[in-house]
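Positions in the sequence shown are counted from 1; adding 2 to them yields our numbering. Where is the CB? At the ideal position from N, CA and C, for every residue including glycine. Being a predicted model, the structure only gives us computed values, none of them experimental. Structure first, commentary second.
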Amino acid sequence: MNETDFLTLSKGNFGRMRYSMTKDMTLSELAVFAESLGRELAQAMLTSRLEEDPRTHPQEARCRHCTGRWRFQNTAQRRVIQTAVGPIEYRRAYGVCDRCGHTGAPLDEALGIPPFGPSVETRKKICHAAVVGRSFEAGREILQVHSNVDLSAKHVRWIAGTEGGRVRKERDQERTSYQAGARPASTTQAPRLLVIAADGGRVQTRSADPRERWKEDKIGIVYDATATPQPHVPRGEYEGAKAKTKTYVATLADWEAMGWLLRVEAERRGYARAENRLFVADGARSIRELKNLHFPEATFILDWAHAAQHLSDCAKAAFGEGTPDALRWFEDHKELLWEGKSDRIIADLGCLSDRLGPPTETDSEASPRRVLHQNATSYFPNNQTAMDYPRFRANGWPIGSGVAEGAVKQFGLRMKGSEKFWNGFQPTETQPPHQTGAEEMLALCALYHSQDGRWDRHWRERAQPR
Ligand SMILES: [Zn+2]
């Protein structure tokens with residue numbers, strides 16, 4: 003066998019093509035060859051399918067919007083579209099509705115082909131690459147190497163911004179409906195344990211105003227979990243509840259807006275019917291206010307690591323960094339915190355604070371007087387009910403906000419990639435590619451990272467006929 007005719011197609015464009023696999027080709031060469039052959043075959047199949055569709059050259063068509071008569075301006079307009087198997091060229095009737103002025107191609111509308119740009123399954127790949135790559139340039143490379151899709155980084159950015167804009171619009175409409183009294187359909191069974199958490203990261207914007215340059219990206223997370231009670235486990239060995247399905251919301255808007263988005267997401271996850279509802283966060287005031295306003299029914303759990311960090315800061319303020327007294331005080335009080343004796347902690351902090359006296363106007367944020375005073379009068383008293391760790395352990399609930407911090411890191415990896423500068427501009431199909439905003443990317447990332455299958459669901463719906 004020196005040279006074998008592998009395949010000769012007798013139909014259409016393929017009649018003239020002959021493919022051969024020779025015996026000196028390596029397996030890699032054979033695989034590359036077979037793959038490109040497969041792509042050509044797939045492109046020919048698609049082209050032929052579109053040509054044979056009766057809607058390619060309809061005798062008469064009615065407008066989808068107003069059932070008016072369709073007037074064809076061009077009965078065989080040429081279009082090249084990027085599909086998952088490569089670019090294909092086809093011709094179809096293009097026209098305008100006599101009554102409402104709507105323009106388009108009946109074939110495109112019937113098959114769910116967007117009016118311009120790549121096909122929906124290609125957009126799905128582009129958006130995937132834009133989300134998982136560290137930058138749009140990385141996304142471009144992923145597409146080229148893994149999908150044979152050849153686009154510029156700008157084009158990747160434009161598609162991701164356009165599609166992210168659609169996701170964002172749907173999300174914001176749902177929030178507006180919720181504010182008007184409509185609850186989102188809950189897709190799950192009543193969860194035994196539903197946990198809400200939120201945290202913030204930093205994103206750099208294009209703003210000329212230095213105070214506006216760094217914006218906080220806020221990530222909200224909802225997950226159901228299996229409680230694992232461990233009432234008598236030593237400190238550091240408590241595992242807490244294991245997260246099952248995590249879903250996300252993300253925005254650059256203020257915490258008030260995040261509160262609404264997170265509440266809608268929680269409702270979707272069955273918050274109203276959940277047996278136990280928890281809210282886990284660090285003690286930041288903005289997030290505590292969000293909890294009180296939007297999740298008053300939930301049990302607030304203060305992140306254990308943050309509470310312990312505050313004790314460490316107090317020990318350092320009272321006894322000096324790294325001194326034996328500081329270490330001893332910290333260990334003793336961490337044990338008290340573990341045992342739920344926050345009354346003792348607040349009393350002890352009060353004594354330490356009194357010894358130094360109240361902070362003066364010239365004291366900095368990190369001055370020992372201010373640290374002790376703030377923790378004794380504000381942080382620990384304000385979060386006291388959220389530090390009932392023995393009860394949380396007995397119930398098998400989570401005591402850490404690691405899931406939320408992990409999410410901030412995960413989103414941060416993308417948002418702090420090589421193009422650090424974002425703007426909040428909302429792109430539409432007609433705006434130039436450089437105007438993709440962080441908000442659109444955050445919406446796209448939240449859709450992708452959510453583990454309840456909504457990414458695939460979204461693209462299935464997107465591909466439906468218009
Ligand atoms: Zn019409």
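Residue from the options whose Cα sits closest to the Cα of residue i
i	options	result
Ala300	Arg279, Glu214 and Lys418	Arg279
Gly163	Ser369, Leu196, Arg93 and Ser137	Ser137
Leu446	Arg51, Lys126 and Arg66	Lys126
Gly470	Ser314, Gly402 and Ile221	Lying outside 3 to 468, the shown extent of the chain, residue 470 is not represented and no answer is given.
Arg159	Tyr450, Met443 and Arg459	Met443
Gly202	Tyr180, Ala255, Trp457 and Asp226	Ala255
Ala44	Phe35, Cys65 and Val87	Val87
Gln146	Gly238, Thr124 and Asn76	Thr124
Thr190	Gly455, Val34 and Asp152	Gly455
Ala378	Gly324, Ala309, Gly408 and Phe413	Ala309
Gly404	Ala328, Phe281 and Ala349	Phe281
Glu463	Leu113, Asp327 and Ser209	Leu113
Glu37	Ser50, Asn150, Pro467 and Asp345	Asn150
Leu105	Ala210, Val134, Pro60 and His67	Here residue 105 is Thr; the residue named in the question, Leu, does not match the sequence. Closest by alpha carbon: His67.
Lys171	Trp461, Glu441, Pro467 and Gln386	Glu441
Asp365	Ala319, Ile348 and Val410	Ala319
Gly439	Arg81, Phe35, Asp219 and Gly285	Asp219
Gly238	Ser344, Met27 and Glu333	Glu333
Ala46	Ile144, His148, Tyr92 and Ser369	Tyr92
Ala227	Glu214, Arg271, Ala131 and Ala259	Arg271
Phe302	His460, Leu196, Gln61 and Glu42	Leu196
Pro233	Arg393, Asp174 and Pro298	Arg393
Trp461	Gly166, Glu269, Gln61 and Leu32	Gly166
Contacting residues, own chain, Cβ-Cβ under 7 Å from residue i (five flanking each side not counted)
i	result
Ala448	Tyr250, Val251 and Ala252
Arg177	Trp262, Leu263 and Val266
Glu431	Note that Glu431 scores a pLDDT of 43, beneath 50, so its modelled location is shaky; the value from the coordinates is reported in the next line. Once the five neighbours on either side are set aside, the close Cβ partners of Glu431 are Thr164.
His451	Tyr250 and Gln412
Ser288	Trp257
Asp327	Phe321
Arg80	Glu91 and Arg93
Pro212	none
Leu295	Gly261
Residue i vs residue j beta-carbon contact at 8 Å
i	j	result
Ala200	Ala63	no
Gln120	Gln84	It is Pro, not Gln, that sits at residue 120 in the sequence shown. Contact flag set, yes.
Gly242	Gly402	yes
Ala317	Trp306	no
Ala1	Glu277	Because the chain is modelled from 3 through 468, residue 1 falls outside the range shown and cannot be assessed.
Tyr381	Trp340	no
Ile90	Leu153	no
Ile128	Ile161	yes
Arg395	Tyr225	no
Arg168	Ala155	no
Ala409	Ile223	yes
Leu304	His335	no
Pro467	Glu111	yes
Ala283	Lys293	yes
Gln453	Thr247	yes
Gly135	Cys102	no
Chain-order list of residues whose beta-carbon lies under 8 Å from that of residue i (same chain, five-residue window excluded)
i	result
Ala274	Arg185 and Ser188
Arg472	Nothing about residue 472 can be read from this structure; the chain reaches only from 3 to 468.
Trp216	Arg204, Val205, Gln206 and Thr207
Leu329	Ala317
Cβ-Cβ separation, residue j to residue i (assumed contact under 8 Å), whole Å
i	j	result
Pro231	Asn397	6 Å
Arg371	Pro383	Not confirmed; about 18 Å, so no contact.
Leu358	Leu338	Their Cβ separation, rounded to whole angstroms, is 21 Å, which puts Leu358 and Leu338 out of contact at 8 Å.
Ala245	Trp399	Between Trp399 and Ala245 the Cβ distance is about 12 Å, and since that is not below 8 Å, they are no contact.
Val122	Ala465	4 Å
Val133	Arg416	6 Å
Sequence-distant residues of its chain with Cβ nearer than 6 Å to residue i (five each side left out)
i	result
Arg94	Thr58, Ala107 and Leu109
Tyr180	Val266
Glu291	none
Asp458	none
Ser355	Leu374, His375 and Ala378
Gln433	Unreliable positioning characterises Gln433 in this predicted model, as indicated by a pLDDT of 42, which lies under 50. A coordinate reading is not provided.
Gly352	Ala378
Asp315	Val373
Gln386	Ser344
Ile144	Ala131 and Gly135
Pro435	Model confidence at Pro435 stands at a pLDDT of 41, short of 50, so the residue's coordinates are unreliable; what they give is reported in the following sentence. Once the five neighbours on either side are set aside, the close Cβ partners of Pro435 are Lys156, Arg159 and Trp160.
Any non-hydrogen atom of ligand 2 closer than 7 Å to residue i Cβ
i	result
Arg371	For ligand 2, the structure offers nothing, since it holds only ligand 1.
Using the beta-carbon of each residue, find all residues closer than 6 Å to any heavy atom of ligand 1 and list them in chain order. Cys65, His67, Cys68, Gly70, Cys99, Arg101, Cys102 and His104
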